[in-house]
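Enquirer: Once you've had a glance at the structure underneath, I'll fire off some questions.
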C-alpha cells in the first residue's frame with residue numbers, strides 16, 4: 016500500500032480496464048481472495064489514519080464495495096474496535112463474495128444497525144464503488160451528510176463519484192484507498208476535492224496496460240557550462256491589446272523565469288520602451304519578429320486585435336502556444352480553424368491551453384459537456400487540431416493525438432486568480448523553445464506551474480507575478 020504522491024508518474028485505468036484486470040485476477044485466484052485482501056487493506060489504512068478511534072462506523076452498500084466494508088469491519092472488530100455496520104439494500108440480493116464477507120463480519124461480533132450510530136470517530140464509506148452510475152439518494156445521501164466532520168475513508172472511490180470522469184455528487188472523504196488500479200476520476204474535476212489524500216493498493220495483482228497517466232515531475236536538465244542564451248531558445252509573446260498589456264507581460268515573465276534564453280514581447284496596443292520591473296524583456300513591434308526561429312505564446316490579453324495577427328502566427332511560428340483570446344478568435348472563425356488543422360497535419364509543434372469555457376467554444380459544446388468528461392474533451396480537441404491540449408482546471412488534463420492522456424497532480428485553488436494562466440502560457444513556450452517534444456514540454460510546464468503554487472506560503476494569497484518569480 017502506498018500514498019499517491021507527485022514524485023513519480025502513476026498508471027491510471029478506467030472502469031472498463033479495471034474490470035478486465037479484476038476478472039483476470041478473480042479467475043486465477045481462490046474464491047473470495049480479492050475481497051479478503053481489499054477488506055484487510057481498508058482496515059489497515061483505517062488504523063493508520065485514525066489509530067485512536069474507538070468507535071468506527073462502516074456504511075455499506077448492496078454490492079461488492081459493501082463486501083469490502085464487511086471484511087474491513089470484521090478485522091477492526093477483531094483488533095479491538097467498537098464497529099457498527101449499516102447496510103443500504105437487501106442483503107439477500109448481494110453478490111456471493113459480499114454475502115460471504117457479511118457472514119464473516121457477523122461471526123466476528125460486528126454490530127449491525129439500521130441507523131447511523133450516535134457517535135463515531137471514523138467513518139468508512141463502502142456504499143457505492145466503480146460499477147455504480149447512480150447518484151446518492153435516500154439513506155445513502157443521508158449517510159453521506161452524516162459523515163461530515165470526522166475522518167472518512169472511502170473504499171475505492173467516494174460513493175457517488177464517477178471513477179472515470181470525477182463527476183457526480185459524492186461523499187467527501189478525507190482519505191481514499193483505490194484498490195487494484197488507480198482511477199482517473201480521482202484526480203480531475205471534483206475528484207481531488209472528494210477524495211482527500213489518495214492511497215493505492217494493487218492487492219498483489221499485476222496491472223494491465225494503462226489508459227492514462229498521473230503525471231510525475233519533468234526530467235531535470237543540467238545546463239552545460241559551454242552553453243549560451245541562444246542554446247535555450249527565443250520566446251516571443253504576442254498579445255496585450257490596449258488596456259491588457261499586463262497579460263502579455265505576465266506571460267513573458269513566465270517564459271523568462273521558465274528558462275528561455277531570450278524573451279521578446281510584441282504588444283498589440285501602445286508599446287513600452289522597457290518594462291522597468293523586468294528590463295530583461297525586449298519590447299518589439301511583433302510584425303518585425305522572426306517567428307520562424309521562435310517559440311511563440313499568442314493570445315494573452317490579445318482582445319479583438321489578436322485576430323489580425325493569427326494567420327501569420329499560425330503559419331510561421333516554429334513552435335506555438337495558443338491561449339485566451341487567440342482561442343476565442345479561432346473558435347469564432349472557421350478559416351482560422353482550418354489553418355490550425357493544417358498546421359497540425361504538417362507536424363508543427365503546437366500547444367493550446369484552454370480553460371473549460373474556451374474548450375467548449377472550440378468544440379461547439381457547452382461548458383457542462385466539457386466538464387462532464389474532461390479527459391474525453393481534451394482528447395477530442397487534440398485529435399481535431401493535431402496538437403497538444405492543456406485543459407486547465409482541477410486536475411489539468413494534457414492530451415496529444417494518439418497518446419495516452421495525462422492528468423496533472425499538482426496545483427491548488429491559489430491559482431484561481433487573474434494572470435496565472437498567462438504565466439503558464441509563457442512557461443509552456445519556454446519549454447517548447449528548448450524541447451522538441453511538445454507533449455513533454457507541456458506536461459512538465461503544467462507540473463512545475465502547479466508545484467510552485469503548492470510550495471507557496473500557507474495562508475498567503477498568490478499573485479500571478481509572484482507565481483512567475485516562484486518558478
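Residue numbers (our numbering): 16 to 486.
The beta carbon of each residue, even a glycine, is placed where N, CA and C say it ideally should be.
Mind pulling the alpha helix (DSSP H) runs of 4 or more residues that sit fully within the segment 243-288?
Expert: 260-272
Enquirer: Use the C-beta contact count for residue 272: other C-beta atoms within 10 angstroms, 16 or more gives buried, fewer gives exposed.
Expert: As a working mapping, residue 272 is identified with position 257 in the chain shown. With 16 or more Cβ atoms within 10 Å of its Cβ, residue 272 is classed as buried.
Enquirer: For residue 74 and residue 158, I'd like the C-alpha separation in whole angstroms.
Expert: Stepping through the chain shown from its first residue, residue 74 is reached at position 59. Stepping through the chain shown from its first residue, residue 158 is reached at position 143. Each residue's Cα considered, the two are about 8 Å apart.
Enquirer: Runs of 3 residues minimum, wholly inside the segment 105-143: which ones carry the beta strand (DSSP E) assignment?
Expert: 126-128 and 137-141
Enquirer: Once you ignore the five residues that flank residue 131 on each side, which residues in its own chain have a CB closer than 6 Å to its CB?
Expert: As a first step, residue 131 is located in the chain shown; it is residue number 116 there, counting from the start. So the qualifying residues of the chain are 161.
Enquirer: Taking the straight line between their C-alpha atoms, what separation do you get for residue 38 and residue 365?
Expert: Locating residue 38 in the chain shown gives position 23, where the first residue counts as 1. Locating residue 365 in the chain shown gives position 350, where the first residue counts as 1. Taking the straight line joining both Cα atoms gives about 40 Å.
Enquirer: Along the chain, where does the beta strand (DSSP E) that runs through residue 297 open and close?
Expert: Taking the first residue of the chain shown as position 1, residue 297 is located at position 282. Taken as a continuous stretch (DSSP letters only), the beta strand (DSSP E) holding residue 297 covers 297-299.
Enquirer: Is it a yes or a no for the segment 52-71 touching the segment 79-95, going by three-plus beta-carbon pairs under 8 Å?
Expert: Enough Cβ pairs lie closer than 8 Å, so yes.
Enquirer: When the Cβ atoms of the segment 447-467 are set against those of the segment 281-294, are three or more pairs found closer than 8 Å?
Expert: no
Enquirer: Suppose the cutoff is 6 Å on Cβ atoms and the five residues either side in sequence are ignored; what does the same chain contact list for residue 403 look like?
Expert: In the chain shown, the residue the question calls residue 403 occupies position 388. Cβ within range, chain order: 366, 415, 453, 454 and 457.
Enquirer: Could you pull the start and end residues of the alpha helix (DSSP H) that residue 48 belongs to?
Expert: Working through the chain shown from its first residue, we reach residue 48 at position 33. Note, residue 48: alpha helix (DSSP H), 48-64.
Enquirer: How about residue 483 and residue 265: are their beta carbons less than 8 Å apart?
Expert: Taking the first residue of the chain shown as position 1, residue 483 is located at position 468. Taking the first residue of the chain shown as position 1, residue 265 is located at position 250. A contact, by the Cβ cut-off of 8 Å.
Enquirer: In the DSSP assignment, the beta strand (DSSP E) including residue 26 goes from what residue to what residue?
Expert: Reading the chain shown from its first residue, position 11 is the one you call residue 26. Element bounds for residue 26: 25-27.
Enquirer: My parser needs the beta strand (DSSP E) runs of 3 or more residues fully inside the segment 317-350; what are they?
Expert: 334-337
Enquirer: Classify residue 134 as buried or exposed, calling it buried when 16 or more other Cβ atoms lie within 10 Å of its own Cβ.
Expert: Residue 134 sits at position 119 when you count from the first residue of the chain shown. Its Cβ having fewer than 16 others within 10 Å, residue 134 is exposed.
Enquirer: If you compare alpha carbons, which of 191, 313, 371 and 256 is closest to residue 250?
Expert: Stepping through the chain shown from its first residue, residue 250 is reached at position 235. Considering only alpha carbons, the answer is 313.
Enquirer: So, is residue 417 buried or exposed, given that buried needs 16 or more other C-beta atoms within 10 angstroms?
Expert: To locate residue 417, count along the chain shown from 1; it is residue 402. Per the 10 Å Cβ criterion, exposed.
Enquirer: Grab the span of the beta strand (DSSP E) containing residue 75 for me, first residue to last.
Expert: Translated into positions along the chain shown, residue 75 becomes position 60. Looking at the DSSP string, the run of the beta strand (DSSP E) that includes residue 75 is 70-75.
Enquirer: Since I believe residue 41 is in contact with residue 77 (beta carbons under 8 Å), could you give me their beta-carbon distance rounded to a whole number of angstroms?
Expert: Here residue 77 refers to the residue found at position 62 when the chain shown is read from its first residue. Here residue 41 refers to the residue found at position 26 when the chain shown is read from its first residue. With a Cβ gap of about 19 Å, residue 77 and residue 41 do not count as contacting.
Enquirer: Are residue 226 and residue 27 closer than 8 Å when you measure CB to CB?
Expert: Taking the chain shown and counting its residues from 1, the one referred to as residue 226 is at position 211. Taking the chain shown and counting its residues from 1, the one referred to as residue 27 is at position 12. In this structure, residue 27 lies closer than 8 Å to residue 226 by Cβ.
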